[in-house]
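Here's the structure, in structure tokens; my notes come after.
Numbering (UniProt numbering), first residue to last: 1 to 237.
Right, dumping it as structure tokens:
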């Protein structure tokens with residue numbers, strides 16, 4: 001029904017430097033290819049760093065939000081997950097990154113993407129429409145056991161109205177699913193033709209105005225992510 005995929009990813013390293021630039025000066029720093037970032041975690045003092053844009057993109061394409069990355073900071077090598085990537089709402093420029101410092105010996109809770117695979121008879125021959133109800137599932141696992149995605153085999157859905165819930169997924173020896181058992185992951189629904197709307201006179205085009213956008217700048221938060229985010233509970237032994 002589902003396949004729990006864990007990539008055979010090699011050790012990913014990324015060099016970062018202690019950041020000494022803040023506020024309005026960050027705009028120039030970004031133009032020069034440096035992304036401001038923050039490292040935080042349980043029992044870890046939050047630290048502001050900077051990372052090269054090109055190097056980060058290379059690593060991010062492989063690790064996404066589920067792969068462990070080792071940040072090289074001075075003489076230290078810190079295992080982290082990418083917690084958040086803040087981008088510009090218009091041009092998608094990366095503005096800021098949050099790295100979550102982790103303990104490789106302790107289980108953590110994180111979200112893992114789901115991906116539908118296979119072909120459903122209800123869709124291919126009976127006119128049904130596949131709906132993906134959730135994009136991620138919450139799991140608890142050791143950092144090294146976090147899968148890159150959880151594949152959902154939709155070939156078991158034979159009839160329109162069929163669905164796959166969390167309870168239908170096989171148990172994994174490497175991680176625990178935390179979502180409610182009755183949560184629907186994917187479903188196949190009946191295809192409904194859109195009703196033809198009566199023709200009416202064309203409406204007047206709306207007035208378009210162009211306002212000069214405010215200068216986009218990341219505002220340094222008064223509180224670090226560690227202070228605003230509830231500290232994760234230690235995994236049950």
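Heads up, the beta-carbon is just placed ideally off N, CA and C, and yes, glycines get one too.
Exercise. When the Cα atoms are used, what is the spatial distance from residue 141 to residue 34?
Worked result: Here residue 141 refers to the residue found at position 141 when the chain shown is read from its first residue. Here residue 34 refers to the residue found at position 34 when the chain shown is read from its first residue. Computed Cα separation, rounded: 32 angstroms.
For this session: Given a cut-off of 8 angstroms, decide if residue 120 and residue 130 are closer than it, judged by their beta-carbon atoms.
Result: Numbered from its first residue, the chain shown carries residue 130 at position 130. Numbered from its first residue, the chain shown carries residue 120 at position 120. Less than 8 angstroms divides the Cβ of residue 130 from the Cβ of residue 120.
Exercise. In the stretch 97 to 169, which residue ranges form an unbroken alpha helix (DSSP H) of at least 4 residues, counting only runs that do not cross its ends?
Worked result: Every unbroken stretch of the alpha helix (DSSP H) spanning 4 or more residues and falling wholly within the stretch 97 to 169 is given here in chain order: 121 to 124.
Exercise. If you measure from the beta carbon of residue 85 to each beta carbon in chain B, is any gap under 8 angstroms?
Worked result: Among the chains of the structure shown, chain B does not appear; only one protein chain is present.
Exercise. When you compare each of 92, 77, 53, 181 to residue 29 by their alpha carbons, which one comes out closest?
Worked result: Here residue 29 corresponds to residue number 29 of the chain shown, with the count starting at 1. When each option's Cα is compared against that of residue 29, the closest is 53.
For this session: Could you spell out where the beta strand (DSSP E) holding residue 311 opens and where it closes?
Result: The chain is shown only over 1 to 237; residue 311 falls outside these bounds and no answer can be derived.
Exercise. How about residue 114 and residue 185: do their beta carbons lie closer than 8 angstroms?
Worked result: Numbered from its first residue, the chain shown carries residue 114 at position 114. Numbered from its first residue, the chain shown carries residue 185 at position 185. Yes; because the gap between Cβ atoms is below 8 angstroms, this pair is in contact.
For this session: Tell me where the alpha helix (DSSP H) around residue 58 begins and ends.
Result: Counted from its first residue, the chain shown places residue 58 at position 58. Run containing residue 58: 53 to 63, per the alpha helix (DSSP H) assignment.
Problem set entry | Limits of the alpha helix (DSSP H) - the one that residue 178 falls within | For the purposes of this step, residue 178 is taken as the residue at position 178 of the chain shown. For residue 178, there is no enclosing alpha helix (DSSP H), as DSSP marks it with neither H nor E.
Problem set entry | Endpoints, the beta strand (DSSP E) within which residue 28 is located | Counted from its first residue, the chain shown places residue 28 at position 28. In the DSSP assignment, residue 28 falls outside any beta strand (DSSP E) and lies within the alpha helix (DSSP H) extending over 26 to 31.
Exercise. What residue does the beta strand (DSSP E) around residue 67 start on, and which one ends it?
Worked result: The residue given as residue 67 occupies position 67 in the chain shown. That residue, residue 67, is in no beta strand (DSSP E); it is neither H nor E in DSSP.
For this session: Could you tell me which residues DSSP pairs with residue 34 in its beta bridges?
Result: Along the chain shown, read from residue 1 onward, the residue named residue 34 stands at position 34. For residue 34, which the question treats as bridged, DSSP gives the partners 52.
Problem set entry | Of the listed residues 99, 86, 164, 138, nearest to residue 116 (C-alpha basis) | Stepping through the chain shown from its first residue, residue 116 is reached at position 116. Taking only the C-alpha atoms, the option nearest residue 116 is 164.
Problem set entry | According to DSSP, residues forming a beta bridge with residue 91 | In the chain shown, residue 91 corresponds to position 91, counting from 1. Beta-bridge pairing links residue 91 to no other residue.
Exercise. Ordered along the chain, which non-local residues of its own chain (more than five positions away) have a Cβ less than 7 angstroms from that of residue 135?
Worked result: Residue numbering aside, residue 135 sits at position 135 when the chain shown is read from its first letter. The beta carbon of residue 135 sits closer than 7 angstroms to those of 113, 114, all from its chain and outside the five residues before and after it, given in chain order.
Problem set entry | Burial state of residue 47, where buried means 16 or more other Cβ atoms lie within 10 Å | Counted from its first residue, the chain shown places residue 47 at position 47. By the neighbour-count criterion, in which a residue is buried when 16 or more other Cβ atoms sit within 10 angstroms of its Cβ, residue 47 is buried.
Problem set entry | Which listed residue (154, 138, 126) has its alpha carbon closest to that of residue 132 | Taking the chain shown and counting its residues from 1, the one referred to as residue 132 is at position 132. Ranking 154, 138, 126 by Cα distance to residue 132 puts 154 first.
Problem set entry | Alpha-carbon to alpha-carbon, residue 138 and residue 180 | Counting from 1 along the chain shown, the entry for residue 180 is found at position 180. Counting from 1 along the chain shown, the entry for residue 138 is found at position 138. Those two C-alpha atoms are separated by around 10 angstroms.
Exercise. For residue 43, does the three-state DSSP call read helix, strand or coil?
Worked result: Within the chain shown, residue 43 is the residue found at index 43, counting from 1. DSSP places residue 43 outside both helix and strand once states are collapsed to three, so it counts as coil.
Exercise. Under the three-state reduction of DSSP, which class applies to residue 83: helix, strand or coil?
Worked result: Here residue 83 is taken as the residue at index 83 of the chain shown, counted from 1. Correct three-state label for residue 83: strand.
Problem set entry | Sub-8 angstroms separation of residue 118 and residue 160 beta-carbons | Stepping through the chain shown from its first residue, residue 118 is reached at position 118. Stepping through the chain shown from its first residue, residue 160 is reached at position 160. Cβ atoms of residue 118 and residue 160: not closer than 8 angstroms.
Problem set entry | Integer Cβ distance of residue 59 from residue 12, believed to fall under 8 angstroms | In the chain shown, residue 59 corresponds to position 59, counting from 1. In the chain shown, residue 12 corresponds to position 12, counting from 1. Taking a contact as a CB-CB distance under 8 angstroms, the pair residue 59 and residue 12 counts as one, their CB atoms being some 5 angstroms apart.
Problem set entry | Stretch pair the stretch 36 to 45 + the stretch 93 to 104: three plus CB contacts closer than 8 angstroms | The stretch 36 to 45 makes contact with the stretch 93 to 104, as at least three CB pairs between them are under 8 angstroms.
Exercise. If you count every other CB in all the chains shown that lies within 10 Å of the CB of residue 14, and 16 or more means buried, which is it?
Worked result: Walking along the chain shown from the start, residue 14 turns up at place 14. Buried, because 16 or more other Cβ atoms sit within 10 Å of the Cβ of residue 14.
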